[in-house]
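Inspection log for the structure reproduced underneath, given as structure tokens.
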């Protein structure tokens, strides 16, 4: 219970972030330096730092709602040393200190966990937007959906092989190595030449100039954001059928 009112140092946050990243690499089979940013975004998994800020914010809200005669309220008012630590804790809480008006409005409204979680989610969305709008945004993260949420390629009905290839594409693992293309005779079959060679834009019915590229544009725009009821949902949509048939299966001999 003391974790929610603890002051974390930068080295402490880095240590738990590193532990989370190592566990995720073991889950998706990455090497020891693989980036986990895209995987966290696809699974809507908060970073450990975001989890710490949310936990501290929840604890602060609960303490603020306690009666004035409770022990921690009395200690906060009377103990100079604890008052100093309490002030420092409030300043270190990102959700509490930025921006204060919205935080106070949530505090005065109620202690509904859903409202607090929505406040934390809005803060995560703001951080994601700032990263994507930065001067040098991550290429693979910018190619994913701009909003927080589980990527549909993780729950839409499809075979394990098809899902694996779509996830590998999102994470930049497809193609796995620079190889030559047997169809267009390109010496370096990277992502962009393969999209042009397979005529992905034409087959999916999207513009060739769609950003960040036709395949990611289709994945971000046309896939449903809710889990389908019917197990055969993906095969009922012609565009999704083209996606699985051409962009995933037709390139299997070229993209390893």
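Residue numbers (the numbering used here): 207 to 462.
Glycine residues also receive a C-beta, built at the ideal position from the N, C-alpha and C atoms.
This one's a predicted model, so the numbers in the text were calculated from it and none came from an experiment.
Consult DSSP for residue 342 and reduce its assignment to one of helix, strand or coil.
Here residue 342 refers to the residue found at position 136 when the chain shown is read from its first residue. Of the three classes helix, strand and coil, the one that applies to residue 342 here is coil, per DSSP.
Measuring CB atoms only, is the region 209 to 222 touching the region 244 to 259, in the sense that at least three cross pairs come out at less than 8 Å?
yes
Delimiting residues of the alpha helix (DSSP H) encompassing residue 278:
Residue 278 sits at position 72 when you count from the first residue of the chain shown. Note, residue 278: alpha helix (DSSP H), 277 to 284.
Using the C-alpha atoms, what's the distance from residue 294 back to residue 300?
The sequence position of residue 300 within the chain shown is 94, counting from 1. The sequence position of residue 294 within the chain shown is 88, counting from 1. Rounded to the nearest angstrom, the two C-alpha atoms are 12 Å apart.
With residue 229 as the anchor, note down where its alpha helix (DSSP H) starts and where it stops.
Here residue 229 refers to the residue found at position 23 of the chain shown. Start and end: 216 to 234.
Does the contact criterion of 3 or more C-beta pairs under 8 Å hold for the region 218 to 227 versus the region 349 to 366?
no
Limits of the alpha helix (DSSP H) - the one that residue 350 falls within:
Indexing the chain shown from 1 puts residue 350 at position 144. Element bounds for residue 350: n/a, residue is neither H nor E.
The alpha helix (DSSP H) spanning residue 423 covers which residue range?
Numbered from its first residue, the chain shown carries residue 423 at position 217. 420 to 427 is the extent of the alpha helix (DSSP H) around residue 423.
Helix, strand or coil: how does DSSP classify residue 248 here?
To locate residue 248, count along the chain shown from 1; it is residue 42. Three-state result, residue 248: helix.
In angstroms with no decimal places, state the Cα-to-Cα distance between residue 272 and residue 292.
Numbered from 1 along the chain shown, position 66 holds the residue referred to as residue 272. Numbered from 1 along the chain shown, position 86 holds the residue referred to as residue 292. So the two alpha carbons sit approximately 15 Å from each other.
If you count every other CB in all the chains shown that lies within 10 Å of the CB of residue 420, and 16 or more means buried, which is it?
On the chain shown, position 214 is the one that residue 420 refers to. Buried: at least 16 other Cβ atoms inside 10 Å.
In the DSSP assignment, find the alpha helix (DSSP H) that holds residue 401 and state where it starts and stops.
Here residue 401 refers to the residue found at position 195 when the chain shown is read from its first residue. 397 to 403 is the extent of the alpha helix (DSSP H) around residue 401.
Considering just the uninterrupted stretch of the alpha helix (DSSP H) at residue 237, what are its terminal residues?
To locate residue 237, count along the chain shown from 1; it is residue 31. Residue 237 -> no alpha helix (DSSP H), and no H or E assigned at all.
Okay, do the region 235 to 255 and the region 383 to 398 touch, 3+ Cβ pairs below 8 Å being the bar?
no
Let me know if residue 368 comes out buried or exposed under the rule of 16 or more other beta-carbons within 10 Å of its beta-carbon.
Residue numbering aside, residue 368 sits at position 162 when the chain shown is read from its first letter. Residue 368 is buried by the Cβ-count criterion.
Three-way DSSP call (helix, strand, coil) for residue 358 in this model
Here residue 358 refers to the residue found at position 152 of the chain shown. Three-state result, residue 358: helix.
Are residue 378 and residue 334 touching if we call contact CB-CB under 7 Å?
Within the chain shown, residue 378 is the residue found at index 172, counting from 1. Within the chain shown, residue 334 is the residue found at index 128, counting from 1. Contact: no.
Does DSSP put residue 256 in a helix, in a strand, or in coil?
Reading the chain shown from its first residue, position 50 is the one you call residue 256. Correct three-state label for residue 256: helix.
Compute the distance between the beta-carbons of residue 322 and residue 264, then report whether it is under 7 Å.
Position 116 of the chain shown, counted from the first residue, corresponds to residue 322. Position 58 of the chain shown, counted from the first residue, corresponds to residue 264. Cβ distance < 7 Å, so residue 322 and residue 264 count as in contact.
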